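Reading through the structure tokens given below for one structure.
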């Protein structure tokens, strides 16, 4: 006897593997974006694999927030789920915390940029779209 299981996501969410992703249609600061994800019982996306990075890059058409920050301790990048940064896709010469230019301020939050899936640290106050992630629901069909 065996059963068939299927992962499902809410309407307007896109499934990849065992996760569901929501791409916002509006722009907000990193903290506001995170609050929006939490209101959807999700959080800003945590990127764990090269495949997930490639999927997310194809999903978006503008720069977007991801759930990576060094707000707690400068230079120590952590994901919103508390996990340390291991797999990294930084753009060349990033992260640079604004390169010492006062105009950029502190750059404690991370965006996916237009260069295929590369990351850049940027001021958390910047207004960007974002991607939420949550676990897909597993249904046992029979």
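In the UniProt record's numbering, the protein residues as written are 1 to 142.
Backbone N, C-alpha and C fix where the C-beta goes; we use that ideal spot for every residue, glycine too.
Quick caveat, the model's predicted, so the values are computed rather than measured.
Item, Value
"Can you tell which of 47, 109, 34 has its C-alpha closest to the C-alpha of residue 89?", "47"
"Answer with buried or exposed for residue 6, where buried requires no fewer than 16 other C-beta atoms within 10 angstroms of its C-beta.", "exposed"
"Measure the C-alpha to C-alpha separation of residue 72 and residue 115 and round it to an integer number of angstroms.", "27 Å"
"Quick check: residue 63 and residue 15, are their CB atoms within less than 8 Å of each other?", "no"
"To the nearest angstrom, how far is the alpha carbon of residue 103 from that of residue 95?", "16 Å"
"So residue 160 and residue 45 are in contact, right, with Cβ under 8 Å, and what is the actual spacing, rounded?", "In this structure the chain extends from 1 to 142, so residue 160 is not present and cannot be described."
"In three-state terms, what does DSSP make of residue 67?", "strand"
"Going by other Cβ atoms of all chains shown within 10 Å of its Cβ, with 16 needed for buried, is residue 19 buried or exposed?", "buried"
"How do the stretch 29-39 and the stretch 49-59 stand: do at least 3 beta-carbon pairs fall below 8 Å, yes or no?", "no"
"Using the beta-carbon count (16 or more within 10 Å), is residue 67 buried or exposed?", "buried"
"Report all residues from its chain with a CB closer than 6 Å to the CB of residue 80; omit the five preceding and five following residues, and keep chain order.", "43, 44, 67"
"Note down, one range per segment and in chain order, each beta strand (DSSP E) of at least 3 residues found wholly within the UniProt domain \"C-type lectin\" (16-133).", "19-23, 64-69, 109-112, 119-122"
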